[in-house]
Each structure stands twice: as structure tokens, then as C-alpha cells.
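Enquirer: Numbering (full-length UniProt numbering), first residue to last: 1 to 287.
We put the CB at the ideal spot given by N, CA and C, even for glycine.
Just so we're clear, the structure is a prediction, and the values are computed from it rather than from any experiment.
Here's a structure for you.
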């Protein structure tokens, strides 16, 4: 976040040479008057015949290498992108001269000769030694780089840090943890399960909060999180529902990497954990 803001203020990036600056949005007064901003539509075609049917006999076809995002931005009459604002003015000038312009997007490598030529020309331009016509970068590029760097640093921290041993036992990789938190949004119950910090007596006894670590279900089993989730008869109903769901899906009911691979097992596991955490204090307080 800090680097994103620094880039926005300085209009330069640590990842690029200083002569390549941030492409800032066009000033409002440079946009066409709202009454002149006509919606620009584009079509998606996939074969040479489709294009031939659309093109007029006396028209010209210009192929360029771009992306669907480019077409969508050009089709947005309220875009503040500096290049798109210029394109809108050019298109408006063409319309005042009764020139009709249609934008078509075709999938890359679809066998359309002109499109293939444009693709080759773009690749050739990328390796040429000609000076760039446009030397500015979008803010989205910096956000993307910083997002990748943050993810890489988090992955390294997760794998090399000696803390969170229990969490890493359940979810060995940072990718597993990320997927888990995406599917099971962090809340009180899931945080207690993942961290192994909760109302279970094994944890409380470690800090001398309870006089023993035994579960009231039989007064002999250590009340660990694993015991509550996998064995304690008090929570057999939600456990049975979860195990049945996993059996039908042919996955291990307590392997987190397998649980997060199926939507129904995620839901049954969430219900099981939530039921345990919500009722654990009452269970321990009854003895």
C-alpha cells in the first residue's frame, strides 16, 4: 500500500526507469462534452466468415493486436484514460464526416489472416530497438507487481516462520491457507480452530485456568481440539453429518486440504466447528 501511494504521488516507480512515468487520468475538461459522447459498441467474432458478413464492400479493415479489455475501455464513453479520451475525439471527428467505424474483437490465433499478421507485428515491435511511442505505465501495473511481491513474502514467511505450528500442521502450504480463508471466512469459531487457542481444556490447563485437561464426556480423554472435532461423543451429531458428506465425496473427513476441495464438505465442516465452539463453554461449565 505504501509503495502504491508513493508511486501515485511521485508518478515514478522503483520497478521502472525514471523516464517512464505514471499515466494519470485525463482532466475532466479534456473529455468530450457529454452530449457528444456516443456509446461505442464492439462485437465479438470468431471466424473469417463472420467478419466478411459484417464488413461493407467499400470499407477498410485494420487489424491490431490488443485485448478485450481495450475494447471495453474504448466502449466506455465516460472513460478518463488519457489514450481512450484521444481515441474518443478521433472517433467523434470521423462521425462528423459520416464515416462509420465498427470495432470487432476476435480471439487470438483463430486463423484469421489479418489478425495473425497483427499478432506477428506486435511481437516484432516488442523486440525492436525503436524508441517507444508511449512511455507511461498504468497504476494497475504497480498494484499487480506489489500484490505479487506481497504474496511471495507471505508465502516465504508462512513456510519459514517457526510459529503457527498447529496451523501449518492442518494447512501445510500458504496456498492451502489462502484457499481455506477464501472458502471459510475468518470468524471467531474458525480462528479458534486454526490457532488451537480456545475454550478447550487442554489449552486452558496449560495456562492454569482449569485444574485439569480432561473432557467431561468421559473424564479421562484430554480435551484437545482434535478430540472435540474427531472423537468427543457430545458433538456426534454434527460430526456424523460431516463424515457422511465426506464419505459420499470420497475424501478424508479431517484432511483440511481435501475438505477445502469440495463445497459440501466445506459447509458440513463449518457447521461442525461452529457447533463445537458455540457449546464448549457450557460443556465445560457443567462439570
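#1: Name, in chain order, the residues that DSSP records as bridge partners for residue 137.
#2: Going by beta carbon distance, what residues of the same chain come within less than 6 Å of residue 39, once the five residues before and after it are set aside?
#3: Helix, strand or coil, according to DSSP, for residue 72 in the structure here?
#4: Among the candidates 107, 272, 175, whose CA atom is the shortest distance from the CA of residue 69?
#5: Cutting at 8 Å between CB atoms, please list the residues of its own chain near residue 21, excluding the five before and the five after it.
#6: If I'm right that residue 251 touches residue 268 with Cβ under 8 Å, what's the distance once you round it to whole angstroms?
#7: Roughly how many whole angstroms lie between the Cα atoms of residue 114 and residue 74?
#8: For residue 233, is the classification buried or exposed, using 16 other Cβ atoms within 10 angstroms of its Cβ as the cut-off for buried?
#9: Among 65, 2, 89, which residue has its Cα nearest to the Cα of residue 29?
#10: Bridge partners for residue 214 per DSSP, in chain order?
#11: Rounded to whole angstroms, what is the Cα-Cα separation between residue 98 and residue 35?
#12: Among 153, 92, 122, which residue has its Cα nearest to the Cα of residue 63?
#13: Is the CB-CB distance between residue 201 and residue 212 below 8 Å?
#14: Leaving out five residues before and five after residue 26 in sequence, what residues of the same chain have Cβ atoms less than 6 Å from its Cβ?
#15: Buried or exposed, going by whether 16 or more other CB atoms sit within 10 Å of the CB of residue 59?
#16: Have a look at residue 16 and residue 142 and give me their C-alpha separation to the nearest angstrom.
#17: Identify which residue in 271, 67, 204 has its Cα closest to the Cα of residue 236.
#18: Taking the runs of the beta strand (DSSP E) that are 3 residues or longer, which of them lie wholly in the segment 151-186?
Expert: In short, the structure shows the following:
#1: DSSP, once it has assigned bridges, lists 22 as partnering residue 137.
#2: Once the five neighbours on either side are set aside, the close Cβ partners of residue 39 are 77.
#3: It is helical.
#4: Of the candidates 107, 272, 175, the residue whose Cα lies closest to the Cα of residue 69 is 107.
#5: Beyond the five residues adjoining it in sequence on each side, residue 21 comes within less than 8 Å, by CB distance, of 11, 12, 135, 136, 137 in the same chain, given in chain order.
#6: About 11 Å separates the CB atoms of residue 251 and residue 268; that is not less than 8 Å, and the two are not in contact.
#7: The straight-line gap from Cα to Cα measures roughly 21 Å.
#8: Burial call: exposed.
#9: Of the listed residues, the one whose Cα sits closest to residue 29 is 89.
#10: In the DSSP assignment, residue 214 is bridged to 222.
#11: Rounded to the nearest angstrom, the two C-alpha atoms are 18 Å apart.
#12: Checked all of 153, 92, 122; the closest Cα to residue 63 is 122.
#13: Yes, Cβ-Cβ distance for residue 201 and residue 212 is below 8 Å.
#14: Hits under 6 Å: 80, 82, 85.
#15: Burial call: exposed.
#16: Their Cα atoms are separated by approximately 10 Å.
#17: For the residues 271, 67, 204, the minimum Cα distance to residue 236 belongs to 271.
#18: Secondary structure within the segment 151-186: not one fully enclosed beta strand (DSSP E) run of 3 or more consecutive residues is present.
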